[in-house]
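Residue numbers (the working numbering): 8 to 151.
The structure is reproduced here in structure tokens:
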């Protein structure tokens, strides 16, 4: 969250892809790839926009690390509600992909139950898993 906050500077959205591995129904996130590392101009309009060149780089990172894109995360200025642009333009248009939205440009404190969490179902349809459901779904910290 601190890195999302830093990259947006409190002025623009910022975002990242969360890479890792699937283990049955579980997803273990291992690496963040920030949008502006894929495209230096990703935040130049104030919202997150990526073009095909950025995705070519992302797929190369996935191939070289053996990881896959499990979710994306980006910040909003206000509430963590999926915008119409978010609904119409999924970062990864594959059913099951998760999209997280963090309110207030990821300013502290960031609470799981206040994050937007959406699962892409295909054909521009989403399931809203936000609120207290997000807190039950998203586990953070170290688990043994």
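Yeah, the Cβ is synthetic: ideal placement off N, Cα and C, and Gly gets one too.
Taken in chain order, the complete beta strand (DSSP E) segments of 3 residues or longer contained in the stretch 63-98 are 75-82. Counting along the chain, the unbroken beta strand (DSSP E) around residue 108 starts and ends at 105-109. One Cα belongs to residue 61, the other to residue 143, and the distance between them is close to 32 Å.
Residue 134 is not a Cβ neighbour of residue 121, given a cutoff of 8 Å. Exposure of residue 70 is indicated by the presence of fewer than 16 other C-beta atoms within 10 angstroms of its C-beta. Nearest to residue 14 by alpha-carbon distance, out of 100, 29, 75, 54, is 54. The criterion of a C-beta distance shorter than 8 Å is not satisfied by residue 112 and residue 80. A distance of 8 Å or more separates the beta carbons of residue 119 and residue 77. Counting along the chain, no beta strand (DSSP E) covers residue 49, and no H or E run does either. Taken atom to atom, the span from the alpha-carbon of residue 116 to that of residue 146 is near 16 Å.
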